[in-house]
Amino acid sequence: MVGKKAPSDYLEQLQTHKSVGLDDAAMDKILDTHFIEPKDLRLDDFDGFIESRRALLIGQVSLAMGKPVASSGEAVADDGDMDEEEGEE
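Numbering (the working numbering), first residue to last: 690 to 778.
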């Protein structure tokens with residue numbers, strides 16, 4: 690169903706499939722749970738999709754770790770915390 694289709698076309702086909710039947714708002718909620726910005730798919734904006742998904746996923750990793758996450762070669766200051774295994778030698 691995905692092959693050689695623009696994301697906007699794929700979403701429309703998926704949403705209108707007889708066993709799915711979702712409006713844009715319902716589909717957007719599902720996409721949000723996968724850290725996908727719906728507007729990027731609907732506008733066929735691949736670069737925007739990649740950038741926004743990267744940012745959303747990094748945000749989730751940072752939240753889970755409780756500290757900033759380095760991305761795109763950015764340096765993050767070390768907070769001095771060491772994993773238990775790292776400190777044992």
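Heads up, the beta-carbon is just placed ideally off N, CA and C, and yes, glycines get one too.
With respect to the alpha helix (DSSP H) encompassing Pro696, which residues constitute its N-terminal and C-terminal limits?
For Pro696, the enclosing alpha helix (DSSP H) starts and ends at Pro696 to Thr705.
Tell me where the alpha helix (DSSP H) around Leu748 begins and ends.
A quick correction: the sequence has Gly, not Leu, at residue 748. Taken as a continuous stretch (DSSP letters only), the alpha helix (DSSP H) holding Gly748 covers Phe735 to Met754.
Given a cut-off of 8 Å, decide if Arg731 and Leu700 are closer than it, judged by their beta-carbon atoms.
Using a Cβ distance threshold of 8 Å, Leu700 and Arg731 count as a contacting pair.
Report all residues from its chain with a CB closer than 8 Å to the CB of Val750; omit the five preceding and five following residues, and keep chain order.
Excluding five sequence positions before and after Val750, the CB atoms of its chain that fall closer than 8 Å to its own CB belong to Val758, given in chain order.
Pull up the distance between the alpha-carbon of Asp713 and that of Leu703, whole angstroms please.
Taking the straight line joining both Cα atoms gives about 11 Å.
Once you ignore the five residues that flank Asp729 on each side, which residues in its own chain have a CB closer than 7 Å to its CB?
Around Asp729: Gly737, Phe738 and Ser741.
Let me check understanding here. Comparing Cα to Cα, which of Ile747, Asp734, Ala753 and Lys694 lies closest to Phe724?
Relative to the Cα of Phe724, the nearest Cα in the group Ile747, Asp734, Ala753 and Lys694 belongs to Ile747.
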